[in-house]
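A short write-up of the structure that comes next.
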Amino acid sequence: MFDTVSKIAASAYDAASQLTELAMLAQRPVLDDGKTDLHATALKALDTIERQVTLGLPLVPSTTAVSAIFDALTHATNRGIDDRKMLLEEVLIVLAKLPKESLLGQVLENNIVALFYKDLPHPPSTFLGRPPLLPPYSSMSSSSRSSSTTVSPSSSLFLNGKSKLNGNGSGPMNGAYGTSPATEGQATEHATPYPPPDVFSGKPYAHRMPDGSNNNPLFPDLGRAGMPYARSVAPTTPVPVSALPDAGVVFDVLLRRNNFKEHPSQISSMFFAFANIIIHSLFRTSRQQNTINDTSSYLDLSPLYGHNEEQQNNVRIKDGRGLMKEDTFADERLLMMPEATGALLVLFCRNHNYIARHILLINERQKFRQPEELASNQRAMEEQDDEIFNKARLVNCGYFMQVILGDYLSSILGTVREGSDWCLDPLQTIRTSSHELVPRGEGNVISVEFNLLYRWHATLSKQDEEWLTNDVFGHIFPGKSPDALTPRDFGMAVRSWMSKFSKDPGEWEFGSLKRQRDGKFRDEDLARVMKEATTNVAGAFGAQGVPPVLRVVEIMAIEEARSWGVCSLNEFRKFMGLKPYESFEEWNPDPNIHLPAMRLYGDIEHLELYVGLQAEETKSPRPGAGLCPGFTISRAILADAICLVRGDRFLTTDFTPFNLTSWGYQDCARDLNNGSMGGQLSKLLMRTLPDHFDDQSIYAHFPMLTPPAMQQILTKLGTKDKYNWEMNPNPTAIKVVESAVATKKVLETWRDFPTAYGPFMKDITKGYGMYLAWNDTLKHRRDRLLIRDSLFSPGRLDKYAKFYFDKTRELIMEKSFVFVQGDVRAVDIVRDVVNLVPVHWVSKHVAGLPLKTRDNPHGAHTETEVYQMCAVMFECVTDPSLQSLPSDLTIVLRFMFLNTRPVAGWSLRERSQKFSHLFLGEIKAHLEHIARGNFSIAGLRDSLMHLIVHQDDHAHDFLRTLYSMNTTASLDELAYTVLGTVVASVPNYGQAAAHVINFYLEEKHRAQKEHICRLALRVDDESDRLLTGYVLEALRLDPQTSGLFRSCASDTEVDQGDGTKLKVKKGERVFVSLAKANRDPAKFGPDNEHIIDPERPHSDYLLFGHGAQKLLGDEFVEKTMPQVIRAVFSKKNIRRAPGRSGQLNRFTIDWHGTPRHLYINSKGMITPWPESLVVQYDV
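Just so we're aligned: the sequence shown equals residues 0 to 1178 in the working numbering.
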């Protein structure tokens, strides 16, 4: 009894919720463009509620927070903040829990970013020494200009207040752009390694220079490679070097690791492999002069691209495509690092080449040409290669930045542990209360203090320590104890070892990785390295944590710091606004550390910076603290991270769609709905190693924390079961069939080659519905016959054909606009017509979706919303090539049929589930009304729904037939079957119609177009037959889908029609190339496959599959699409609009050997669906 009452109450609650939502949607105004974002707003509101429930209240008063705030108010401007009271962590965790668009959160974040940015001086106050000198640019050879260690400084850094811009467009320029010669032996004000830029074109500043110069156009040498380190803190405590303890003794007493201690937050080795790339991007002390930094002071991926022109040229191919050599990086130092660091750089190299290929393919500004077209013009090829290479580098550095913000910084702050996708955003424009802008893009110069801060040898994992001891030091110093090594021994041996590597980085090998014949590393090996680094827990920060094998390296660091004359630990803390330590015990309460430190240094004010940072007491894991280094490092790295990103022009003021291309700008953007809590490293792993990291792999989504740690976190959050915890999935091989004979064989023997859609359908339909996904004979036959007999019963196809003709004409009239002259009209035939016609059909005749139109302003969904929601669900199951997502409302069809690549899978699945729930509620309400009558709760709900949204009952005819013919399926199964029919009937129909129209608007098909225009004005059986033939021929030669995937259920052979057989093993996937099968010369004749023949027998076509799982839509398309084409081509003088608006914005990729079209939408993102094609006609 109680259960029955509960079910009735739950049903009533669901009904009330649905009606309330429909009422809200019905009240929206009808927009002229048919677009609205209320669905997205409603879903965002639900996401916000769910997020807040997960994270908890952001503001929870505590004695700890009150004490920290009181300390800051009292001491921030004098003694310094006591960082042991955790004020920063308290504020950061509040930010992580506040709603994403909270005004309080925005104000707090802006103030924190401004605070961190102002922690360091911009530009630096002083430097370690003068820069190297060079004669002016005009007297320099190109070879001397490429060397980062011999380039003169910009005058702007060393002006002494004298130089300034002339302000005159002609004539000599002093200061930043000056080129006047310098007096020998004097620091030059005017020498610069580059010619004066064209201040009007801005071309010299459009991309990163190889050595990092020109990041700040007014201070071109700020942060350039080959410049001195800055000094952030002037040391004022007099401590003679003779009074400092021996560096070796300091290491042995305070730093040497005796026992490995796991990182308390279970941060993985992958975190520090990535940190290695950051560190080596910023620090490269010159071997000739240790005050010089031989790399730039920017996060420009210089370990990948090189720190000067010579290094950069060594990693480039220069064939007009902007590519790098396969699996290559430029910095030889990383060959001595744990192999995960080099493997990560290899993935960034692959990402660069992926980006470069897409920039050329998309060709956004139509300025690039294929390299073979430039073979006779070497200069043009070089210029194109430079432009593509540098744009790809900007995008790749954007990826690098997003990994820093979304993965690296989030791990430092521990926000993943709280289930939060928030991270600090240092890139945004910030105005203070006085309306002043907080600077961005002003440049950086790395300081010696931060050079010492980023030496994190204590975090080496147990496995990496063993590798370093046995495979590196054991090889370089055979039979020699690490304790016996001197700095001189180390330098000579390392130089000798490094000299054995080829001068061509494309031949380098490292760790256990070996190159194949094609020059690439095996995907399996790279994936293994990545997963092992994710599995291996890093070491903990803190005293007595550095492996003994690095003793000589640590001694060199201590002595180098002394040679630089850096400040003491307390002086650095004062500089950072922190309370200085009053005793060694306060610095580190462990008596095993502070007592020997006191005996070594005597006075806490004498504790040198490097040792003080490394042996300081460390933080414990808590909200806002995930990295858990020493307290001073923890505070300083946040300031440095903000300054590095915010100070880089190419990551802030010039990080624009114009510079990166619209596609590139979107491609490196964070996706907060990707299952990684906004992390970007997952996208890199899935893109470059797609067969080894699926869209649910825990190793891809959270590689910077170990899987056991993530299991605890996700169990607490209730999302553990959404992820795949398998470390080594077996990638499945893909076999390709292209001939008509083989295609028919695979498609008709569907028990041997079942569909691959089932697992994806379960995510949307919970295992119900959609006969094309069934490989179960009985279920497949039941659902197929049920749809065929109820939807395509006698007489209905003719009615549908008339509907498609009338609706196409109606939309053309409604959406057309006057084009220049009054007697010319224009319409976007794709966006506003053929994409929307099937939306009206499924809404009116199939599912009963309440459309909001001018005729029915109280409907719930606009035409565009329904189209976009259907398109997303379809794509999620079968698209193996898309890496970018469209807007939030483009999700449902994509998930069901086009998703076989991992990058977009998570986000598509999550959104598809939300949209399918929305549609299913409306479909099921209709079915329950039919099943239970007018006076049931379901009947009343459906009646009220019709009343609210002013909906007609046309769909009830089909649904009533469907229900009456059903004998075994439940209402849920019927609802999902209807949903599958809706999803399969909208975007692919619109795409097919767009292809047909575009095909016959081509100039080379003028004769066929003129014939179609004549046929369109006739109304007889012959014109219908010929129009159908033209539709089928266009789809044969420009297919809506290029191919299908099938799985192999058992070992078998496929006859390919040429006397050969293709062996396919159980578990392998088969790509069936419909595009090539429909052009098979063996079937159509060697010279006839390209000929347009509208009278070709229909049995020749393989457009809709074949056999039992052939789409039911073939007869439907053959009946309705000719009427759409009739309505379009009956317009007088139908033609393309001038310019690019009259063209489909698409490009062609190679899809398992088959050409396939992809499209660029209005936001610059890749999509499988055509979005726009404007045509004109006369009236």
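Idealized CB from N, CA, C, for every residue including glycine.
For clarity, every value in this text was computed on a predicted model and none was experimentally measured.
Residue environment, residue i, which counts as buried when at least 16 other CB atoms sit within 10 Å
i, result
"Glu737", "buried"
"Gly564", "exposed"
"Gly821", "exposed"
"Glu338", "buried"
"Arg320", "buried"
"Lys744", "buried"
"Thr877", "Interpretation of Thr877 is limited by its pLDDT of 47, a score under 50 that renders its predicted location unreliable; the figure taken from the coordinates is listed afterwards. Label assigned to Thr877: buried."
"Gly677", "buried"
"Phe896", "For Phe896, the predicted structure reports a pLDDT of 38, less than 50, and the residue's modelled location is therefore unreliable. The matter cannot be settled from this model."
"His1004", "buried"
"Ala233", "exposed"
"Met1120", "buried"
"Gln365", "exposed"
"Asp1019", "exposed"
"Pro1154", "exposed"
"Glu188", "Per-residue confidence for Glu188 stands at a pLDDT of 34, beneath the threshold of 50, marking its modelled position as unreliable; no derived number is given."
"Lys1065", "exposed"
Cβ-Cβ separation, residue j to residue i (assumed contact under 8 Å), whole Å
i, j, result
"Asp406", "Met703", "6 Å"
"Asn257", "Met336", "That belief does not hold up - the Cβ atoms of Asn257 and Met336 are roughly 24 Å apart, past 8 Å."
"Ile636", "Ile1159", "The Cβ separation is near 39 Å, so there is no contact."
"Val1063", "Gly1042", "Between Gly1042 and Val1063 the Cβ distance is about 16 Å, and since that is not below 8 Å, they are no contact."
"Leu978", "Phe918", "6 Å"
"Arg634", "Arg439", "Arg634 to Arg439, Cβ: 22 Å. No contact."
"Thr660", "Leu568", "Going by Cβ atoms, the distance from Thr660 to Leu568 rounds to 47 Å, so no, they are not a contact pair."
"Glu570", "Ile603", "Wrong, their Cβ atoms sit about 11 Å apart, outside the cutoff."
"Thr748", "Ala1076", "The Cβ separation is near 15 Å, so there is no contact."
Residues of its chain near residue i, where Cβ-Cβ distance is below 6 Å and the 5 sequence neighbours each way are ignored
i, result
"Val1173", "Ala825, Asp827, Ala1136, Ser1140, Gly1141"
"Tyr453", "Ile278"
"Thr125", "Arg230"
"Val238", "His605"
"Ala272", "Ala339, Thr340, Leu343, Ala532"
"His456", "Val545, Leu549"
"His351", "Met323, Ala391, Asn395"
For residue i, the nearest candidate out of the options (CA to CA)
i, options, result
"Trp905", "Ala95, Phe449, Gly674", "Gly674"
"Ile811", "Asp788, Ala640, Phe1128, Gln990", "Phe1128"
"Gln990", "Glu1170, Ala1006, Phe804", "Glu1170"
"Ser842", "Tyr799, Lys719, Gly225, Glu417", "Tyr799"
"Met208", "Tyr297, Ala983, Ala492", "Tyr297"
"Asn987", "Glu607, Phe1115, Arg808", "Phe1115"
"Asp118", "Ile929, Pro1080, Lys573, Phe701", "Lys573"
"Gln711", "Leu683, Ser264, Ala242", "Ser264"
In DSSP terms, what residue i is bridged to
i, result
"Ile1159", "Ile1165"
"Met323", "Arg315"
"Arg824", "Val817, Tyr1176"
"Trp1150", "Thr1153"
"Lys1131", "Asp1177"
"Thr284", "Asn292"
"Leu850", "His860"
"Thr617", "Gly629"
"Phe520", "Arg514"
8 Å CB neighbourhood of residue i in its chain, flanking five on each side removed
i, result
"Arg430", "Leu436, Val437"
"Asn535", "Ser267, Ser268, Ser460, Lys461, Gln462, Asp463, Thr705"
"Lys1131", "Tyr1176, Asp1177, Val1178"
"Cys396", "Arg207, Leu298, Asp299, Leu300, Phe649, Leu650"
Residue i: CB within 7 Å of a non-hydrogen atom of the ligand ATP
i, result
"Lys843", "Of ligands this structure carries none, so the ligand ATP is not represented either."
Cβ shell of residue i (< 7 Å), same chain only, five flanking positions each side left out
i, result
"His593", "Phe583, Glu584, Trp586, Asn587"
"Arg808", "Ala1126"
"Ala8", "In this predicted model, Ala8 has a pLDDT of only 49, less than 50, meaning its place in the structure is not dependable; the value taken from the coordinates is given anyway. No residues qualify anywhere along the chain."
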